[in-house]
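Residue numbers (UniProt numbering): 1 to 318. From the three backbone atoms N, C-alpha and C, an ideal C-beta is built for every residue, glycine too. What follows is one structure encoded as structure tokens, with my remarks underneath.
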């Protein structure tokens with residue numbers, strides 16, 4: 001037997017072993033889950049709300065006209081830790097962990113984490129809270145979910161705020177795009193380390209030096225939960241953003257779009273595109289802010305949110 005043939009046979013065996021290892025990780029291996037940060041949840045004032053399909057982890061505080069906050073993919077209501085107390089000065093503020101995120105428990109794991117499922121989760125939460133109509137504030141994927149909900153249930157949305165929303169049918173960042181591929185997405189989600197979470201958060205900030213160890217830990221822990229890992233790759237595979245794009249011209253909600261000039265996840269150029277497609281949209285772009293604009297530039301964003309939510313319908317702030 002020639003040396004070349006021996007090497008080829010050896011390479012084939014190595015490839016088979018690699019494929020077998022990847023399949024094992026993707027479909028049989030389940031990493032250990034970290035313990036929930038109970039003390040921090042209490043600090044946030046988080047409570048459970050049981051609904052037909054979910055046990056929502058949620059916060060409600062303040063008084064006045066209701067505002068519901070919708071976080072983005074890979075995070076949870078903790079993303080609004082600075083938004084909640086600011087808005088609660090004038091509004092009844094609600095925030096909950098979306099299915100496959102944070103500390104919300106899914107009663108029966110869904111086959112797909114698509115836009116209709118997320119919209120129905122928002123509707124189920126509102127129904128459980130007996131809220132007929134609210135203003136919605138959504139960030140990133142949460143902005144896309146909020147927009148789709150407003151398009152599907154316009155009668156239930158007072159005003160709409162989109163914080164750097166994922167709402168156009170454009171390519172994902174490379175690491176997210178890889179999650180769309182079978183096996184690769186499963187492996188990535190199961191091998192996610194805290195250092196990977198730190199890198200992701202730092203890229204969401206214009207000034208990564210402000211990312212604390214505490215924030216990284218708070219974000220990482222829920223991502224170790226089995227169903228949450230599964231949700232991460234399903235989100236990018238199942239979300240059809242052509243649905244939100246196609247319905248933009250007929251979207252009725254008065255809308256405020258907020259974007260960070262230094263967004264490295266979703267280019268700020270998308271902001272003008274979305275504004276042009278939405279008939280009742282205003283746009284504000286903040287220099288020196290990244291994708292997590294409401295976290296990094298909380299003071300500026302919160303003031304603008306309060307002004308917009310206080311405006312009479314059809315009247316823009318000067």
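task: Have a look at 57, 213 and 189 and flag the residue whose alpha-carbon is nearest the alpha-carbon of residue 232.
output: For this step, residue 232 is matched to residue 232 along the chain shown. Answer by Cα proximity: 189.
- prompt: Would a C-beta distance cut-off of 7 angstroms place residue 55 and residue 167 closer than the cut-off?
  reply: Here residue 55 corresponds to residue number 55 of the chain shown, with the count starting at 1. Here residue 167 corresponds to residue number 167 of the chain shown, with the count starting at 1. Not a contact, by the Cβ cut-off of 7 angstroms.
task: Give me the Cα-Cα distance between residue 192 and residue 178, rounded to the nearest whole angstrom.
output: Within the chain shown, numbered from 1, the residue matching residue 192 stands at position 192. Within the chain shown, numbered from 1, the residue matching residue 178 stands at position 178. Between residue 192 and residue 178, the C-alpha separation is close to 13 angstroms.
- prompt: Where residue 123 and residue 149 are concerned, what is the direct C-alpha to C-alpha distance, given to the nearest angstrom?
  reply: Against the chain shown, residue 123 aligns to sequence position 123. Against the chain shown, residue 149 aligns to sequence position 149. Using only the alpha carbons, I get a separation of about 8 angstroms.
- prompt: Quick one: what's got a C-beta closer than 7 angstroms to residue 205's C-beta in the same chain, skipping five residues either side?
  reply: On the chain shown, residue 205 is found 205 positions in, with the first residue counted as 1. The answer, listed in chain order, is 211, 290, 292 and 296.
task: Check residue 86 in the structure and name its three-state DSSP category.
output: As a first step, residue 86 must be located in the chain shown, where it is residue number 86. Looking at residue 86 - three-state DSSP - the assignment turns out to be helix.
query: Can you give the Cα-Cα distance for residue 305 and residue 281, rounded to whole angstroms?
result: Looking up residue 305 in the chain shown gives position 305. Looking up residue 281 in the chain shown gives position 281. Distance between the alpha carbons of residue 305 and residue 281 is about 14 angstroms.
task: Would you kindly work out how many angstroms separate the C-alpha atoms of residue 207 and residue 46, rounded to a whole number?
output: By 1-based counting over the chain shown, the position of residue 207 is 207. By 1-based counting over the chain shown, the position of residue 46 is 46. Cα-Cα distance, rounded: 29 angstroms.
message: Let's test the definition: count the other Cβ atoms within 10 Å of the Cβ of residue 70 and tell me whether it reaches 16, buried, or not, exposed.
response: Along the chain shown, one-based indexing puts residue 70 at 70. By the neighbour-count rule (16 or more Cβ atoms within 10 Å), residue 70 is buried.
- request: Can you tell me which of the three DSSP states residue 221 falls into?
  value: As a first step, residue 221 is located in the chain shown; it is residue number 221 there, counting from the start. Residue 221: helix per DSSP, three-state reduction.
query: Are the beta-carbon atoms belonging to residue 160 and residue 136 less than 7 angstroms from one another?
result: Counted from its first residue, the chain shown places residue 160 at position 160. Counted from its first residue, the chain shown places residue 136 at position 136. In this structure, residue 136 lies closer than 7 angstroms to residue 160 by Cβ.
- prompt: Roughly how many whole angstroms lie between the Cα atoms of residue 300 and residue 14?
  reply: If you number the chain shown from 1, residue 300 lands on position 300. If you number the chain shown from 1, residue 14 lands on position 14. Using only the alpha carbons, I get a separation of about 55 angstroms.
message: Tell me the residue span of the beta strand (DSSP E) that contains residue 159.
response: Walking along the chain shown from the start, residue 159 turns up at place 159. First-last of the beta strand (DSSP E) with residue 159: 157 to 163.
query: So is residue 30 buried or exposed if we call it buried at 16+ other beta carbons inside 10 Å?
result: In the chain shown, residue 30 corresponds to position 30, counting from 1. Residue 30 should be labelled exposed.
- prompt: So residue 72 packs on residue 141, CB below 8 angstroms; how close in whole Å?
  reply: Locating residue 72 in the chain shown gives position 72, where the first residue counts as 1. Locating residue 141 in the chain shown gives position 141, where the first residue counts as 1. Yes, residue 72 and residue 141 are in contact; Cβ-Cβ is about 5 angstroms, under 8 angstroms.
task: Kindly give me the distance between the Cβ atoms of residue 65 and residue 92, rounded to whole angstroms, as I take these residues to be in contact under 8 angstroms.
output: What you label residue 65 is simply residue 65 of the chain shown in a count that begins at 1. What you label residue 92 is simply residue 92 of the chain shown in a count that begins at 1. With a Cβ gap of about 7 angstroms, residue 65 and residue 92 count as contacting.
query: By how many angstroms is the C-alpha of residue 131 removed from the C-alpha of residue 114?
result: Numbered from 1 along the chain shown, position 114 holds the residue referred to as residue 114. Numbered from 1 along the chain shown, position 131 holds the residue referred to as residue 131. Distance between the alpha carbons of residue 114 and residue 131: 23 angstroms.
query: In terms of alpha-carbon separation, which member of 277, 173 and 184 lies closest to residue 263?
result: As a first step, residue 263 must be located in the chain shown, where it is residue number 263. That would be 173, whose Cα lies nearest to the Cα of residue 263.
- request: Could you tell me if residue 50 is buried or exposed, where buried requires 16 or more neighbouring beta carbons within 10 angstroms of its beta carbon?
  value: The count along the chain shown starts at 1 and reaches residue 50 at position 50. Residue 50 comes out exposed.
- prompt: What's the C-alpha gap between residue 261 and residue 283?
  reply: Walking along the chain shown from the start, residue 261 turns up at place 261. Walking along the chain shown from the start, residue 283 turns up at place 283. The alpha-carbon atoms of residue 261 and residue 283 are separated by roughly 12 angstroms.
- prompt: Could you give the distance in angstroms between the alpha-carbon of residue 303 and the alpha-carbon of residue 250?
  reply: As a first step, residue 303 must be located in the chain shown, where it is residue number 303. As a first step, residue 250 must be located in the chain shown, where it is residue number 250. Going by the C-alpha atoms only, they are around 29 angstroms apart.
Cβ neighbour criterion (16 or more within 10 Å) applied to residue 169: Counting from 1 along the chain shown, the entry for residue 169 is found at position 169. Residue 169 is exposed by the Cβ-count criterion.
- request: Return the first residue and the last residue of the alpha helix (DSSP H) that residue 91 is part of.
  value: Along the chain shown, one-based indexing puts residue 91 at 91. Not the alpha helix (DSSP H): residue 91 falls in the beta strand (DSSP E), residues 91 to 96.
- prompt: Excluding five sequence neighbours on each side, which residues of the same chain lie with their C-beta closer than 6 angstroms to the C-beta of residue 237?
  reply: Numbered from its first residue, the chain shown carries residue 237 at position 237. Excluding sequence neighbours, residue 237 sits near 180.
field: Unbroken alpha helix (DSSP H) run spanning residue 174, endpoints
entry: Taking the first residue of the chain shown as position 1, residue 174 is located at position 174. Note, residue 174: alpha helix (DSSP H), 174 to 178.
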